[in-house]
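Residue numbers (my numbering): 461 to 771. For reference, the structure is listed below as structure tokens.
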């Protein structure tokens, strides 16, 4: 696997490891190195520190079916798409990685980046964790093959997305790719009903509570990607029908009246491990078949693959 070189986010000077700190060769500034995490942030983030400790632990015994089937199933196809787009040993940065994906740590040369030190300290198999901001990634120019993320992009406002896309283009090698799974602003029938029934409650449950400040439509998102030296390889919409992930049913159950009752029933039905897996499988199959018949703007979730455009 490639060795990982780090740079100072402020001066871009090369860093070297000395006595559990990464020290700049230019200025002498230093960054603590704890639990295989380099801490580039001077203070904890009030919203995200420790908020997301989720980890995907599944590692297949073999890269053949049926062992690889859960990789297709888990995470709305995110793991499968990353596996498809990058060769084993590729250098990847996962943004907002939380506790990481153990399968990625085994298959790729992984760098995890997150605002939360607690989340990064749970990474397994990743070469290193970076507690840093994705607008100033402490990696040299053209140093990685890919930038990947799952449910990260919707947490970023439009102006910051501009800065991040420039940063992704900087650190990606020629032909490098981005694989993003993220929520979008949607015309989905069920979500539209929830918006119209109680717009304030919708804002609280779907945006404010989850820190989703960056909802944009699939069309708006595509235009943004194309404006930043990226060609769109794939722009696939999921959950276009009224059938949704269990997280939506949890939010639906908070609504008063019949909507809330339906949400409580659906939440109860999909709350066991067996029914959760069935619902995930059902939606994955629906997305790949009937869901394709619906307009892209009905999508609640997007899976986008981008390729760095040649200069």
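Ideal Cβ positions, reconstructed from N, Cα and C, are used throughout, including at glycine. Everything numeric in this text was worked out from a predicted model, so none of it was measured.
Three or more Cβ pairs closer than 8 Å define a contact, and the region 754-765 meets that threshold against the region 636-649. Residues 482, 483 and 485 of the same chain have their beta carbon placed closer than 8 Å to that of residue 476, with the five preceding and five following residues left out of the count. With respect to the C-alpha of residue 631, the residue from 700, 594 and 704 having the closest C-alpha is 594.
When the beta-carbon positions are compared, residue 673 and residue 636 stay at least 9 Å from each other.
Contact check for residue 552 against residue 607 passes: the beta carbons are separated by less than 9 Å.
Distance from the Cα of residue 506 is smallest, within the candidate group 487, 523 and 577, for 577. With respect to residue 695, residue 764 sits close: the two C-beta atoms are nearer than 9 Å.
Scanning the region 655-711 for uninterrupted alpha helix (DSSP H) segments of 4 residues or longer gives 659-662 and 678-686, listed from N- to C-terminal end. Here residue 732 is exposed: its Cβ has fewer than 16 other Cβ atoms, across all protein chains shown, within 10 Å. Excluding sequence positions up to five before and after residue 559, its CB lies within less than 7 Å of the CB of 513, 514, 515, 579, 582 and 583, all in the same chain and listed in chain order. Across the structure, residue 766 and residue 708 are spaced so that their CA atoms are roughly 28 Å apart. Taking residue 719 as the centre and dropping the five residues before and after it, the same chain places the C-beta of 653, 654, 657 and 712 closer than 8 Å to its C-beta, in chain order.
Contact between the region 607-622 and the region 523-531 is absent: fewer than three C-beta pairs spanning the two stretches fall below 8 Å.
Between residue 768 and residue 638, the C-beta spacing is below 9 Å. For the pair residue 544 and residue 668, the Cα-to-Cα distance works out to about 34 Å. Pairing residue 529 with residue 744, the inter-Cα distance amounts to about 12 Å. As far as DSSP is concerned, residue 512 takes part in no beta bridge. By the CB criterion at 9 Å, residue 573 and residue 597 fall inside the cutoff. In this structure, DSSP gives residue 467 an extended state, which the three-state scheme calls strand. Residue pairing for residue 499: DSSP places it in a beta bridge opposite 591. Sorting 589, 671, 592 and 627 by C-alpha distance to the C-alpha of residue 617 places 671 at the top. Excluding residues up to 5 positions away in sequence, 639, 763 and 765 lie with their Cβ nearer than 7 Å to the Cβ of residue 541 in the same chain.
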